[in-house]
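In the working numbering, the protein residues as written are 69 to 226.
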Amino acid sequence: MVDALKKGSGVLKHVQMAQANVMTVTQKLEKAVCRCFSVSIYANGRDDYYGFTVSSFDSMLSSLELVVRFKSGERYCCAEAGCHLGFWDECWWQRFRNALNCEGIGDLSPLTIDRVTVIVETGAMLGLRDPNDSSALCPETEWSYALGPFSEANPVRL
Numbered sequence: 069m070v071d072a073l074k075k076g077s078g079v080l081k082h083v084q085m086a087q088a089n090v091m092t093v094t095q096k097l098e099k100a101v102c103r104c105f106s107v108s109i110y111a112n113g114r115d116d117y118y119g120f121t122v123s124s125f126d127s128m129l130s131s132l133e134l135v136v137r138f139k140s141g142e143r144y145c146c147a148e149a150g151c152h153l154g155f156w157d158e159c160w161w162q163r164f165r166n167a168l169n170c171e172g173i174g175d176l177s178p179l180t181i182d183r184v185t186v187i188v189e190t191g192a193m194l195g196l197r198d199p200n201d202s203s204a205l206c207p208e209t210e211w212s213y214a215l216g217p218f219s220e221a222n223p224v225r226l
């Protein structure tokens, strides 16, 4: 096998292609989170409406930290966690668990999101429920806030 790899028989190329197709755990977590939030009335099925990043997770995948971005050029009614983030809702956790299952990483102990950092980008359009309303508040500078923890085992309302 080693000789075949050295001679470039195509086996190495096949292995490299297989590795390129394997998503990292971070990518799977981010995809699952995006899927959960795409059902928001505001996201209207778009998984890119908010910007999500998994900034860290523990080795057992029982605890993670997220960054949520209200993106420049997108319309949002507000930037309040209580309006947009459903971490206190058992239904959200069930959607998240289902999304994790779809990514092949759903067989985990109850999850905790230790910290959520919310970033409102410069130019995010806030205060818009009606797409025809042009009275948006557009931050001139990026700002952020953090909250958490949130637990799948004990969802708590903000």
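Note that beta-carbon positions come from the ideal geometry of N, C-alpha and C, so glycine has one too.
Quick caveat, the model's predicted, so the values are computed rather than measured.
| query | Is it right to say Leu205 is buried, meaning 16 or more other beta carbons lie within 10 angstroms of its own, or is it exposed? | reply | With a 10 Å radius around the Cβ and a threshold of 16 neighbouring Cβ atoms, Leu205 comes out exposed.
Using C-beta distances below 8 Å, list every residue in its chain close to Glu210, excluding the 5 sequence neighbours before and after it, in chain order. Ile187, Val188, Glu189, Thr190
Using only the alpha-carbon positions, how far apart do Cys104 and Arg163 sit?
6 Å
**Prompt:** Could you give the distance in angstroms between the alpha-carbon of Cys102 and the alpha-carbon of Tyr118?
**Reply:** Roughly 8 Å between the two C-alpha positions.
**Message:** With distance defined between alpha-carbon atoms, name the residue in Ala100, Phe218, Thr180 nearest to Ser130.
**Reply:** Thr180
Since Met193 sits in a beta bridge, which residues does DSSP pair it with? DSSP lists Arg143 as partners of Met193.
Exercise for the section: Please look up how many angstroms separate the CB atoms of Glu220 and Pro178, rounded, as I've assumed it's under 8 Å. Expected result: 4 Å
Which of the three DSSP states is assigned to Val93 in this structure? helix
Expressed to the nearest angstrom, what Euclidean distance is found between the alpha-carbon atoms of Leu134 and Asp182? Cα to Cα, Leu134 sits roughly 8 Å from Asp182.
Review point. What is the DSSP secondary structure of Trp156, counted as helix, strand or coil?
Key: coil
Just to check my reading of the structure: Pro223 and Asp126 have Cβ atoms closer than 8 Å, yes? What is that Cβ distance to the nearest angstrom?
Not confirmed; about 20 Å, so no contact.
**Asked** Is DSSP giving Glu133 helix, strand or coil here?
**Response** strand
Closer than 8 Å to chain C by CB, Ile187 | In the structure shown, chain C cannot be found, because there is only a single protein chain.
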